[in-house]
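I have placed the structure first, in the form of structure tokens, so that the comments after it can refer back to it.
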Amino acid sequence: EAGVTQFPSHSVIEKGQTVTLRCDPISGHDNLYWYRRVMGKEIKFLLHFVKESKQDESGMPNNRFLAERTGGTYSTLKVQPAELEDSGVYFCASSLPGQGARDLDSFFGQGTRLTVV
Amino acid sequence: AQKITQTQPGMFVQEKEAVTLDCTYDTSDQSYGLFWYKQPSSGEMIFLIYQGSYDEQNATEGRYSLNFQKARKSANLVISASQLGDSAMYFCAMREGRGNQFYFGTGTSLTVIP
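From first to last, the protein sequence lines are chains L and H. Position in the first sequence counted from 1, then plus 336, gives you the numbering used here. Position in the second sequence counted from 1, then plus 302, gives you the numbering used here.
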């Protein structure tokens with residue numbers, strides 16, 4: 337069974353450009369999460385989809401970030417226009433409908449390393 | 303306030319020795335879960351061990367054990383008999399009962415020395 341897949345693995349863009357990150361969750365996983373780790377800091381929650389609906393987007397830093405999950409399958413995270421402080425590693429995770437804190441079946445992708453120069 | 307605190311940015315351990323990675327947490331929920339993940343240089347996040355807030359015994363998974371001290375709100379990871387392949391970044395995380403998102407610490411970079 338394929339795990340959570342993220343594309344691209346690395347991206348280097350100039351300030352002001354647009355970048356789109358993609359996450360393919362495990363098939364059948366309704367929950368999809370985006371996280372970000374800025375260098376040297378903790379991994380921070382960005383948002384949570386349940387199927388195609390945004391359940392919680394409280395972690396999105398500003399309106400330059402747009403996440404979509406059309407059809408409840410894969411998700412994209414677009415940064416437009418990118419700024420230097422957006423550099424970091426963006427992780428995607430997916431899981432089946434949750435059991436709250438005891439839900440162990442969260443699987444992470446390998447992350448996309450974004451560098452804005 | 304930080305929900306997960308990892309105070310050790312970097313740690314070194316001799317091969318075959320045991321090492322403890324520290325983690326403290328902050329929550330007002332009665333029901334929560336504590337997790338440790340390993341992130342090798344390849345980037346993926348690998349689940350290691352889980353401790354539930356109502357679990358009375360410390361969790362163990364092979365060479366990994368979680369030293370859970372509820373009153374102190376600490377959930378330290380103990381790796382016994384360290385191996386070279388244990389060199390990686392280690393993240394402590396918490397999930398609260400009322401939510402689905404993880405709260406992560408800043409991570410500890412562990413280097414195992416031959």
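Ideal Cβ placement from N, Cα and C applies to all residues, glycine included. What you are looking at is a predicted structure, and each value in this text was computed from that prediction instead of being measured.
| query | result |
| --- | --- |
| Starting from H:Arg365 and walking both ways along the beta strand (DSSP E), at which residues does that stretch end? | Unbroken run through H:Arg365: none, as it is neither H nor E. |
| Hey, how far is the Cα of L:Leu383 from the Cα of L:His346? | 21 Å |
| Of all the options L:Ser363, L:Pro433 and L:Tyr426, which has the alpha carbon lying nearest to the alpha carbon of L:Gln342? | L:Tyr426 |
| Can you pull the DSSP bridge partners for H:Tyr392? | H:Lys340 and H:Thr410 |
| From the beta carbon of H:Ser292, is the nearest beta carbon of chain L less than 9 Å away? | The first residue shown for chain H is 303 and the last is 416, placing residue 292 of chain H beyond what the model contains. |
| I want to see whether chain L comes within less than 9 Å of H:Glu363, judged by CB atoms only; does it? | no |
| Give me the Cα-Cα distance between L:Leu402 and L:Ser423, rounded to the nearest whole angstrom. | 16 Å |
| Please say whether L:Phe385 and H:Phe404 have beta carbons closer to each other than 9 Å? | no |
| Residue range of the beta strand (DSSP E) that L:Cys359 falls in? | Val355 to Asp360 |
| From L:Asn398 to H:Asn402, what distance separates their C-alpha atoms? | 21 Å |
| Compare the C-alpha of H:Ser355 against each of H:Gln308, H:Gly409, H:Ser330 and H:Gln385 and name the closest. | H:Ser330 |
| Is there at least one Cβ from chain L nearer than 9 Å to H:Ala395's Cβ? | yes |
| Report the partner residues of L:Leu450 according to the DSSP bridge assignment. | L:Ser347 and L:Gly424 |
| When you compare each of H:Gly345, H:Ile415, H:Gln353 and H:Ala373 to H:Gly399 by their alpha carbons, which one comes out closest? | H:Gln353 |
| Give the residues of chain L in contact with H:Gly345, contact being defined as C-beta atoms less than 8 Å apart. | Ser345, Val425, Gln446, Gly447 and Arg449 |
| Measure the C-alpha to C-alpha separation of L:Glu419 and H:Ala320 and round it to an integer number of angstroms. | 42 Å |
| Distance check for L:Lys414 and L:Lys390, CA to CA, integer angstroms please. | 15 Å |
| Got a sec? Which residues, its chain only, sit under 6 Å from H:Leu336 by beta carbon, not counting five neighbours each side? | Gln353, Ala377 and Met396 |
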